[in-house]
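Using the numbering used here, the letters of the sequence shown map in sequence onto residues 638 to 841. Glycine is no exception: its CB is placed at the ideal position from the N, C-alpha and C atoms.
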Amino acid sequence: MKKLIKNIQKSLSLRLSIWILGFAVAIFLISIGILFYRSRKAVRLAAIEQTTQLLNNTAQHMVGTLKEVEVATNNTDWLVMQNLQPDTLLALSRQILELNPILNGCSISFEPNFFKDQGKYFSAYSSNEDGHIETEQEGNDEYVYFDMSWYSEPMKTRKTCWIDPFRDYDPGGIYDRDMIASYCKPLITEDGRCIGVISTDITT
């Protein structure tokens, strides 16, 4: 009888120990699972928040840059209209880049034969390559700027606009690596004639 009681007690004790151990393991696994879920959720939320902040900062920087380009262009067109001489326009194109280092290009371009002594094409173009500014008269039968979107779009709409980024033209047939975004403004006389376009460029 005593032996039977001992066996029952022993069996019950064993079962109870196993049950308690199993319960403890289950609680441990559940706790680990909850901790993992919450940690993953917290990490994901932190990553989303950081990414959102980075995107917001980038967007604000881009908006600020675009505004700078627009202001530089809009504040110059009146000066261009008051100085319609080829040499002065070449100097103005250069000056815009000197005063606005954020820009890497500026074109002040006119309709065919606007300056008869200059021929069919006249575009006062300056480029800024790492602080080195070069100015030249642009346009010829190989580079018909009248057909370029930065010229034709504002001429057609008679409105300022940003055009889709493009790769800059190279007369040698090779295109630069950088993409160019241009802000373009038509040059309109007091009597309503659209005589050309001023465009400023930034790399994207």
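Please classify residue i: is it buried, with 16 or more other beta-carbons within 10 angstroms of its beta-carbon, or exposed?
i      : result
Asp838 : buried
Pro749 : exposed
Asn720 : exposed
Thr710 : buried
Val706 : buried
Ile657 : exposed
Leu672 : exposed
Ser744 : buried
List the whole-angstrom C-beta distance separating residue i from residue j, where the pair is believed to meet the contact cut-off of C-beta under 8 Å.
i      : j      : result
Val717 : Ile835 : 6 Å
Tyr782 : Ser819 : So it is not a contact: roughly 12 Å between Cβ atoms.
Gln690 : Leu727 : Incorrect: roughly 45 Å between the Cβ atoms, too far for contact.
Ile739 : Thr797 : Their Cβ separation, rounded to whole angstroms, is 18 Å, which puts Ile739 and Thr797 out of contact at 8 Å.
Can you tell me the Cα-Cα spacing of residue i and residue j, whole angstroms?
i      : j      : result
Tyr788 : Ile685 : 42 Å
Cys821 : Ala679 : 46 Å
Gly659 : Leu666 : 10 Å
Ile817 : Phe803 : 5 Å
Thr826 : Arg795 : 12 Å
Gly776 : Asp828 : 27 Å
Tyr674 : Asp815 : 44 Å
Thr725 : Asn712 : 17 Å
Glu771 : Arg731 : 8 Å
Pro823 : Pro791 : 6 Å
Ile669 : Ile655 : 21 Å
Gly742 : Asp754 : 25 Å
Gly768 : Val708 : 21 Å
Among all the DSSP beta bridges, which residues are the ones paired with residue i?
i      : result
Ser819 : Asp838
Thr713 : Answer by DSSP bridge pairing: none, since Thr713 is not bridged.
Asn765 : Ile770
Phe803 : Ile817
Ser744 : Tyr762 and Ser836
Ile825 : Cys831
Glu775 : Ser760
Check the Cβ-Cβ distances between residue i and every residue of chain D, and say whether any is below 9 Å.
i      : result
Gly742 : Among the chains of the structure shown, chain D does not appear; only one protein chain is present.
- [ ] Count the CB pairs spanning the region 725-735 and the region 760-773 that are closer than 8 Å, and state whether there are at least three.
- [x] yes
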